[in-house]
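>
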Amino acid sequence: MASSTAVTNSFSLSKFSTKLKPEPVFLSLPLNNSNSLSVGSFNKCRLTSLQLLVNPRSRRDIIVSSSSIMNKDHQQQPLEADVEYTPTIVDVNLGDRSYPIYIGSGLLQRPEFLQRHVHGKRVLIVTNETVAPLYLDKVVDALTKGNPNVSVETVILPDGEKYKDMDTLMKVFDKAIESRLDRKSTFVALGGGVIGDMCGFAAASFLRGVNFIQIPTTVMAQVDSSVGGKTGINHPLGKNLIGAFYQPQCVLIDTDTLNTLPDRELASGFAEVIKYGLIRDAVFFEWQEKNMPALMARDPSALAYAIKRSCENKAEVVSLDEKESGLRATLNLGHTFGHAIETGVGYGKWFHGEAVAAGTVMAVDMSYRLGWIDESIVNRVHTILKQANLPTAPPAIMTVEMFKSVMAVDKKVADGLLRLILLKGPLGNCVFTGDYDRKALDDTLYAFSKS
Numbered sequence: 026m027a028s029s030t031a032v033t034n035s036f037s038l039s040k041f042s043t044k045l046k047p048e049p050v051f052l053s054l055p056l057n058n059s060n061s062l063s064v065g066s067f068n069k070c071r072l073t074s075l076q077l078l079v080n081p082r083s084r085r086d087i088i089v090s091s092s093s094i095m096n097k098d099h100q101q102q103p104l105e106a107d108v109e110y111t112p113t114i115v116d117v118n119l120g121d122r123s124y125p126i127y128i129g130s131g132l133l134q135r136p137e138f139l140q141r142h143v144h145g146k147r148v149l150i151v152t153n154e155t156v157a158p159l160y161l162d163k164v165v166d167a168l169t170k171g172n173p174n175v176s177v178e179t180v181i182l183p184d185g186e187k188y189k190d191m192d193t194l195m196k197v198f199d200k201a202i203e204s205r206l207d208r209k210s211t212f213v214a215l216g217g218g219v220i221g222d223m224c225g226f227a228a229a230s231f232l233r234g235v236n237f238i239q240i241p242t243t244v245m246a247q248v249d250s251s252v253g254g255k256t257g258i259n260h261p262l263g264k265n266l267i268g269a270f271y272q273p274q275c276v277l278i279d280t281d282t283l284n285t286l287p288d289r290e291l292a293s294g295f296a297e298v299i300k301y302g303l304i305r306d307a308v309f310f311e312w313q314e315k316n317m318p319a320l321m322a323r324d325p326s327a328l329a330y331a332i333k334r335s336c337e338n339k340a341e342v343v344s345l346d347e348k349e350s351g352l353r354a355t356l357n358l359g360h361t362f363g364h365a366i367e368t369g370v371g372y373g374k375w376f377h378g379e380a381v382a383a384g385t386v387m388a389v390d391m392s393y394r395l396g397w398i399d400e401s402i403v404n405r406v407h408t409i410l411k412q413a414n415l416p417t418a419p420p421a422i423m424t425v426e427m428f429k430s431v432m433a434v435d436k437k438v439a440d441g442l443l444r445l446i447l448l449k450g451p452l453g454n455c456v457f458t459g460d461y462d463r464k465a466l467d468d469t470l471y472a473f474s475k476s
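Numbering (this note's numbering), first residue to last: 26 to 476.
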């Protein structure tokens, strides 16, 4: 019986943490099965002359590893000038619900990528007051260009985490019903994580489910929340407590949208990027340590690689554990503490990534108190978060009781037991467990907040 309990309450990531290829390039080419394409010839040819046909679901896709054109620091080397027009594609493999993540510059000017995933004639774009003036017209044009049979409705919501609630969600349903949308309609989420979560939940619920597409415009959404089908809204007593698992038809990441992202929101998204390195990808974390200044400076190559690598990590985990029975929960490193911070200070006052950063420091501190990691990891986490201009402690307003009351209703509580994601072993390893010394948790809470 003890063994069974251990399996239920503790989950180790290490046995599932496969090594990802540094930077494969995914291409679908109209070649016979006997043909081949070497990395050398790929470097020499101009991509436009190949007339690439992007079809991520074709089993005849050719995967060309570009590891030979990566330097020892995993920095992406430029190929030909036309490469930005061919998106990188990461597949989320979920059987008949699999879908592609398109990543690249200028994708909002490429109508074919969106249009192939719209199966009916009616589209509802859900966006917010900040994003709409910047990108709404471009998305409408991408959906309708050369496609006159498609009609597009829009609903523009107020911007911010504090509006991720039932009242705001009803505005989406109101527009859908007033526009007489049917089950063949497609919802399109254009914005950050709040818009993606709310649009996805609306799509999952309207007429018991309609198709939807994610177009994330923040780092946070591009590297994490747009991938994997988690949708929902907040409740005054806790974050993301109302929602559903509901997968999109595709995720389209136009990296140019980051050009208009404020510095604070840019940094917030890097908390999730750092997370992937800590829990399952030590090589990626080491790359981040060397390249965080480039990421903060918005270097296009560095950003593209960070987004790609993060999506690969997320896609692999979701493919193995879609509904968070164990493995996927490990993606929530720092989130239990972080969600308590967001709820405690009031939604929107701290960005999600800022709260996750402080929560990650707390989870790392607790891991160290348990004797599960060495001090060098603690120091490296502090250093990289400071490089990213992210907080390393919760706000002064947080008390031990505030943490405990919110954490008691966390989604990872099972049978009254709070399970946490903690680091254990060398860098890149973690556990999802309820089997830990409660004193270590108390010591961490008292160390970081008022009694």
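Backbone N, C-alpha and C fix where the C-beta goes; we use that ideal spot for every residue, glycine too.
Kindly identify the DSSP beta-bridge partner or partners of A214.
DSSP lists V151, Q239 as partners of A214.
> Between the alpha carbons of V235 and L303, how many angstroms are there, rounded?
Approximately 36 Å between the Cα atoms of the pair.
> In whole angstroms, what is the alpha-carbon distance linking L266 and E154?
Each residue's Cα considered, the two are about 25 Å apart.
> Let me confirm a value: K464 is counted as buried when at least 16 other C-beta atoms fall within 10 Å, else exposed. Which label applies?
Exposed is the call here.
> With a threshold of 8 Å, are at least 3 pairs of Cβ atoms found where one atom belongs to the segment 316-335 and the other to the segment 351-369?
Verdict: no, contact absent.
> Just the C-alpha distance for K436 and L133, rounded to the nearest angstrom, thanks.
Those two C-alpha atoms are separated by around 36 Å.
> Under 8 Å between the Cβ atoms of G378 and G253?
Not closer than 8 Å, so no.
> Measuring alpha carbon to alpha carbon, tell me which residue in V276, F231, A365 is nearest A433.
Checked all of V276, F231, A365; the closest Cα to A433 is A365.
> What are the boundary residues of the beta strand (DSSP E) that includes L182?
Counting along the chain, the beta strand (DSSP E) containing L182 begins and ends at 176-182.
> Could you check how far apart the C-beta atoms of S336 and V115 are, in whole angstroms? I think they sit under 8 Å.
It should be pointed out that residue 336 corresponds to Cys in this sequence rather than to Ser. Confirmed, about 5 Å.
> To which residues of the same chain is L262 closer than 7 Å at the C-beta, ignoring the five residues directly before and after it?
Hits under 7 Å: V434.
> Looking at L149 and L206, is the spacing between their C-beta atoms short of 8 Å?
Result yes, Cβ atoms of L206 and L149 sit closer than 8 Å.
> What does the alpha-carbon distance come out to for the pair K264 and N316?
Taking the straight line joining both Cα atoms gives about 32 Å.
> For the alpha helix (DSSP H) holding C336, just list the boundary residues, first then last.
Note, C336: alpha helix (DSSP H), 325-345.
> Count the other CB atoms within 10 Å of the CB of T73; is the residue buried (16 or more) or exposed (fewer)?
Summary for T73: the model assigns pLDDT 31, below 50, so the residue's position carries little reliability; its value from the coordinates is reported in the next sentence. Under this definition T73 is an exposed residue.
> Please classify F270: does DSSP put it in a helix, a strand, or coil?
In the structure shown, F270 sits in a strand (DSSP, three-state: E or B).
> How about V151 and M245: do their beta carbons lie closer than 8 Å?
Contact flag unset, no.
> Please classify L452: does DSSP put it in a helix, a strand, or coil?
In the structure shown, L452 sits in coil (DSSP, three-state: anything other than H, G, I, E or B).
> Ends of the alpha helix (DSSP H) at N404?
Per DSSP, N404 belongs to the alpha helix (DSSP H) from 400-412.
> Measure the alpha-carbon distance for H407 versus V386 and round it to whole angstroms.
Going from the Cα of H407 to the Cα of V386 covers about 7 Å.
> How many angstroms separate the CA atom of A307 from the CA atom of G453?
One C-alpha to the other measures close to 5 Å.
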